[in-house]
Amino acid sequence: MTAPAQPPATPDLLYSQDEEDLRSAVRALLADRAAAPTVIAATESDTPYDQRLWSSLATGIGAAGLLVPEKLGGQGASHREAAVVLEELGRAVAPAPYLTSSVVATETLLALGAADGPAAALLGELASGARTAVLAVPFATPPTGVGAALASLDGTVRGVADAAVADVLLVPTAEGLYAVGTAGHGVAVQPLVPLDLTRPLATVTLTGATGTLLADAGASATAVRRGLLAGAGLLASEQLGLAEWCLTETVRYTRDRHQFNRPVGSFQSLKHRMAQLWLEVVSARAAARNAADALATGSPDAPLAVAVAQAYCSGVAVHAAEECVQLHGGIGMTWEHPAHLYLKRAKADSIAYGTAGSHRRAVAELVELPAP
Amino acid sequence: MSPAPDAAEVRRRTRELLAAHPPATTDRTDFLKARFDAGLAWVHYPVGLGGLDAPRSLQQAVDSELAAADAPDNDPRRIGIGLGMAAPTVLGFGTDEQKRRFLRPLWVGEEVWCQLFSEPGAGSDLAALATRAVRDEGGDWIVDGQKVWTSSAHLARWAILIARTDPDLPKHRGISYFICDMTDPGVEVRPLRQITGEAEFNEVFLTGVRIPDSHRLGPVGEGWKVAQTTLMNERVSIGGSRIPREGGMIGPVARTWRERPELRTPDTHQRLLTLWVEAEVARLTGERLRQQLVAGQPGPEGSGMKLAFARLNQEISGLEVELLGDEGLLYGDWTMGRPELVDFTGRDAGYRYLRSKGNSIEGGTSEVLLNIVAERVLGLPSEPRNDKDVAWKDLSR
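So the protein sequences, as listed, match chains H and B. Positions in the first sequence are counted from 1; adding 948 to them yields my numbering. Positions in the second sequence are counted from 1; adding 96 to them yields my numbering.
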């Protein structure tokens, strides 16, 4: 056997000026509308998502339509820009259906390649932020784990992220991909109690529901795989932003907090842990950028770039959040300090779109390092 | 002054060099001297010192033209200490005469350099060094002491040396920086046999070594500042070049896995995949650092890359020894040798396992590098210290 194929082109791993401008806009909006106390309060209310925040993000900044071509009503940007939005959403653990609607559902629809008709119309609505959609598969589904969960528009799908706030469900069935309105007859969306308070989960039950058939079974499977691949790849950027916040806050706190008559952050055992975390964060940035760039350029290397990013970044986010809680000491265990939001998001993200283990299995296949 | 040359100009000059000195018919050393004199050795160096005062990124244009023409290179791995550490320090702190005397033979490879920094009693706490340099009536310096972990000392013509010139000052302030002649009769080099069985390093004993004051780099007592430049350049030299996928130590173990299915176990499979992913991410991080350098925005990632590679090399080579099972119980050759180069990929797994243990010690231990990242990159406070304002001679040892 031979060594794995070299990446076809050198990826651009830096940020462009446009991407930095987009980051500033999103960061300013989130600082204004999604400060930690606001997010904590919202998680305990009936409306986990702030509709005004969503419309500012989706419409004001135009983030919802980044992946959608201009002729379909979007911004005609790419996964690189969407990744920057997700870095900021991760940094703020902001509750917004961006990953599920603007990335996964949008990418699934884009994969159908429709220039007009219901899929194109729905894309326009998602791009404008007027409606949101989610792919009706369990949040834990890896890109390689596709199989239509349902035979037809009848049955139950558990653990669908953001279904409770979505207007439309994209339901892969044995017959093909359907668009089903959540307000329609025969559709029940039952909220679950999620580990991650900032991303609601629900069980979707369809009882003889009706919907619009968007694609046959073959095209549906391909589209769903592409949607989940984009979701997994860009989730790495959310994990990067999250990890970066945890490190920055931990450094800030341990510089200020005094114990034993000196700043806690001057103790070598703690400094080394934070320096190690920094190294993981800069490595996660390279991996996440590589995945975003591979998706943006439609590189044949994309499946490997995504699998590598997910296999790596999940662990970094969880490690950063766990260190954040530990190095904050007692305050890190409280409900009022936001560290717990980050831990819950990081742990849930480590399962979303496939665990690190399932992505390593994908790596094994892609680079020909087969199991015994 | 004319403006700095651009890529086209650099390419033109490179082709001129090749036309005037065809690599196929020119003596290797003569070609390298001509290349130096054409300013194409290190284009970012000054005119007359092997460079063109050009942006550092243009070196790639030169190197690719020369590689395409199959021109000889100056064997950078063999003269790595001279190129990576001595040269930038001479350039930054040397007199015009020192620059003219030392840089050309250094770059051409006619004169090998080594580095006399570490001492048995001062490794990570480098500023605690005890080697003394005392001035005689004639103004020369007389050096006495012992250095250790000195790669290439047995091949070197010159050494960069730091020594204590004022024991009454606190330890960082009483140090000066010198260029030491390795042929001085007071220099004795003894091989230091290592964990691998080979003597890649040396101990160096300095007894009444005479160094003229014209071989001092930087002002008396400012040696620590000069040494910082050297050490920074040592760590920056990592991550400058593009590494292919599976280009590092992961390559041999992945090959073994593919070629020898009978060795595979579920446990080693899991570990291999985790390390494969980490090696690929380290490669990407190095690539991102390289892109930042080319874009003129060097990031602090370089300080961390050595940490990552040290840990990965150790874990990967450790896995490979275990993967090999019965064969992992064997070792290639314990015969004492004196290699000119450290070769990680051309040797067997046992050698790689043992040699990579040095990766987290040489060039700054991982513990020291973690402190540097924590303090200089993250801005965390340093630990309280009681040696900063005390005269070196009064410190407890």
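All C-beta atoms, glycine included, are put in the ideal place defined by N, C-alpha and C. Since we're looking at a predicted model, the values are computed, not measured.
Where residue i sits in the DSSP three-state scheme
i	result
GLY1107 of chain H	strand
ASP1164 of chain H	strand
SER1262 of chain H	helix
ASP159 of chain B	helix
ASN1209 of chain H	coil
ALA1178 of chain H	helix
ASN467 of chain B	helix
GLN1216 of chain H	helix
ALA100 of chain B	coil
VAL1041 of chain H	coil
ALA130 of chain B	helix
SER964 of chain H	coil
VAL208 of chain B	coil
ILE238 of chain B	strand
GLU436 of chain B	coil
GLY144 of chain B	coil
ASN329 of chain B	helix
LEU1070 of chain H	helix
VAL230 of chain B	strand
VAL1311 of chain H	helix
VAL283 of chain B	strand
GLU1284 of chain H	coil
ASN482 of chain B	coil
ILE291 of chain B	coil
ALA1171 of chain H	helix
VAL244 of chain B	coil
8 angstroms Cβ cutoff met for residue i and residue j
i	j	result
GLY1162 of chain H	TYR1126 of chain H	The question names Gly, but residue 1162 of chain H is Leu in the sequence shown. Yes, they are a contact pair.
VAL1113 of chain H	VAL1119 of chain H	no
GLN324 of chain B	ALA255 of chain B	no
LEU1321 of chain H	VAL1033 of chain H	With chain H covering only 949 through 1320, there is no way to say anything about residue 1321 of chain H.
GLY1181 of chain H	VAL1254 of chain H	yes
THR292 of chain B	ARG451 of chain B	yes
TRP170 of chain B	GLN1216 of chain H	Here residue 170 of chain B is Asn; the residue named in the question, Trp, does not match the sequence. Not a contact, by the Cβ cut-off of 8 angstroms.
ARG260 of chain B	TRP488 of chain B	yes
ILE346 of chain B	ILE412 of chain B	yes
TYR449 of chain B	GLY428 of chain B	no
ILE275 of chain B	ILE258 of chain B	no
ALA1250 of chain H	ALA1242 of chain H	yes
ASN329 of chain B	PHE405 of chain B	no
LEU148 of chain B	PRO119 of chain B	no
THR1089 of chain H	LEU1176 of chain H	yes
GLU397 of chain B	PRO348 of chain B	no
LEU371 of chain B	ARG173 of chain B	no
THR1158 of chain H	LEU1101 of chain H	yes
Counterpart residues of residue i in DSSP-defined beta bridges
i	result
PHE274 of chain B	B:LEU257 and B:ARG312
SER1100 of chain H	H:ASP1102
VAL1137 of chain H	H:VAL1152
LEU1083 of chain H	H:LEU1118
ALA487 of chain B	B:PRO266
GLY1129 of chain H	H:VAL1116
GLU1123 of chain H	In DSSP, GLU1123 of chain H forms no bridge with anything.
ILE1279 of chain H	Answer is none; ILE1279 of chain H lacks a bridge partner.
ASN455 of chain B	Looking at the DSSP assignment, ASN455 of chain B forms no beta bridge with any residue, so it has no partner.
GLU318 of chain B	B:ILE271
Any chain D beta carbon closer than 8 angstroms to residue i
i	result
LEU1117 of chain H	No chain D appears in this structure, whose protein chains are H and B.
4 or more residues per run - each alpha helix (DSSP H) lying fully within the segment 334–421 of chain B
346–355, 362–390 and 397–419
Would you call the segment 1250–1262 of chain H and the segment 1292–1310 of chain H in contact, with 3 or more CB pairs under 8 angstroms?
yes
Does the segment 1220–1228 of chain H come close enough to the segment 1188–1197 of chain H that 3 or more CB-CB pairs lie under 8 angstroms?
yes
Stretch pair the segment 308–317 of chain B + the segment 287–298 of chain B: three plus CB contacts closer than 8 angstroms:
no
If contact is defined by three or more beta carbon pairs under 8 angstroms, each pair taking one atom from either stretch, is the segment 1011–1018 of chain H in contact with the segment 1045–1055 of chain H?
yes
Within the segment 167–206 of chain B, note down every full alpha helix (DSSP H) run reaching 4 residues or more, in order along the chain.
183–189 and 192–204
At 4 residues or longer, and completely inside the segment 974–1014 of chain H: list those alpha helix (DSSP H) runs for me, N to C.
984–991 and 999–1003
For the segment 1151–1160 of chain H against the segment 1101–1110 of chain H, do three or more pairs of beta-carbon atoms, one drawn from each stretch, fall closer than 8 angstroms, so that the two count as touching?
yes
Check whether the segment 1077–1096 of chain H and the segment 1197–1209 of chain H are in contact - that is, three or more C-beta pairs closer than 8 angstroms.
no
Are the segment 419–428 of chain B and the segment 463–478 of chain B in contact at 8 angstroms, needing three or more beta carbon pairs?
no
Cβ contact (3+ pairs, closer than 8 angstroms) linking the segment 1184–1191 of chain H and the segment 1234–1248 of chain H
yes
At least three beta-carbon pairs within less than 8 angstroms, the segment 108–122 of chain B to the segment 185–198 of chain B
no
Can you find at least 3 beta carbon pairs, one from the segment 391–405 of chain B and one from the segment 362–382 of chain B, that sit closer than 8 angstroms?
yes
Three or more C-beta pairs closer than 8 angstroms, one from the segment 185–205 of chain B and one from the segment 349–357 of chain B: is that the case here?
no
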